[in-house]
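Structure, as structure tokens:
Below, the structure is given as structure tokens:
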């Protein structure tokens with residue numbers, strides 16, 4: 002599986018940016034949707050993998066979370082896609098599967114009424130050793 006791969010909810014997965022060796026595993030998930038949280042050029046073979054498997058690909062060109070919060074409209078658009086079971090099985094990823102993905106998963110957890118301590122604990126598990134206080138604050142205050 003891709004680095005930092007985990008099940009968020011049944012049919013909803015998170016990870017770092019998938020690499021070519023990850024494709025067979027990803028194929029086994031029968032993905033319907035991939036949500037990419039970075040706007041960089043797609044790696045070699047990624048578009049072919051998506052097309053060959055008839056996967057819907059949503060790209061949100063999100064800046065890193067180090068200096069600025071994720072704009073509320075962007076977060077709402079992402080949540081609309083990832084919280085809709087019609088898009089499942091769905092893989093949500095950024096470059097490392099830590100900060101951007103962690104913030105989105107954290108906010109999703111808040112919408113389904115997880116307690117904040119559990120959300121921050123999960124964020125920390127994936128973000129270590131680079132836990133960002135700006136991310137923790139963003140998730141806590143959302």
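In this note's numbering, the protein residues as written are 2 to 143. All C-beta atoms in this analysis are idealised placements derived from N, C-alpha and C, irrespective of residue type, glycine included.
query: From this set, 129, 82, 90 and 19, which residue's C-alpha is nearest residue 45's C-alpha?
result: Of 129, 82, 90 and 19, the residue nearest in Cα terms is 19.
message: Would residue 111 pass as an interface residue toward chain D - the criterion being a Cβ-Cβ separation below 8 Å?
response: Of the chains in the structure shown, none is chain D; there is only one protein chain.
message: Need the endpoints of the alpha helix (DSSP H) that residue 126 sits in, please.
response: Residue 126 -> alpha helix (DSSP H) spans 117-128.
task: Starting from residue 94, follow its DSSP beta bridges and name the residues at the other end.
output: According to DSSP, residue 94 shares a beta bridge with 16 and 37.
field: Closest by C-alpha distance to residue 128, when choosing among 51, 105, 75 and 47
entry: It is 105 whose Cα lies nearest to the Cα of residue 128.
field: Helix, strand or coil at residue 56 according to DSSP, with G and I counted as helix
entry: Looking at residue 56 - three-state DSSP - the assignment turns out to be coil, as it is neither helix nor strand.
query: Quick one, which of 12, 34, 56 and 30 has its alpha-carbon nearest residue 1's?
result: One cannot answer for residue 1 here, as it falls past the ends of the chain, which runs 2 to 143.
field: Candidates 109, 119, 94 and 54, of which the one nearest residue 81 by Cα
entry: Just measuring C-alpha positions, the residue of 109, 119, 94 and 54 sitting nearest residue 81 is 109.
- prompt: So what does DSSP say about residue 106, is it helix, strand or coil?
  reply: Note: residue 106 maps to helix in three-state DSSP.
query: Near residue 21, what residues of its chain come up, given a Cβ to Cβ distance below 7 Å and the 5 sequence neighbours on each side ignored?
result: Only 46 meet the Cβ criterion.
field: Cβ neighbour criterion (16 or more within 10 Å) applied to residue 99
entry: Under a 10 Å Cβ-count criterion, residue 99 is classified as buried, with 16 or more other Cβ atoms of the shown protein chains found around its own Cβ.
- prompt: Is residue 137 helix, strand or coil when you go by DSSP?
  reply: In the displayed model, residue 137 falls within a helix according to three-state DSSP.
- request: Please indicate yes or no: does the CB of residue 27 lie closer than 7 Å to some heavy atom of the ligand MG?
  value: With respect to the ligand MG, the structure shown offers nothing to examine, as it has no ligands at all.
query: If residue 36 sits next to residue 6, beta carbons under 8 Å apart, how far is it from one beta carbon to the other, in whole angstroms?
result: A Cβ-Cβ distance of about 14 Å is found for the pair residue 36 and residue 6, leaving them out of contact under the 8 Å criterion.
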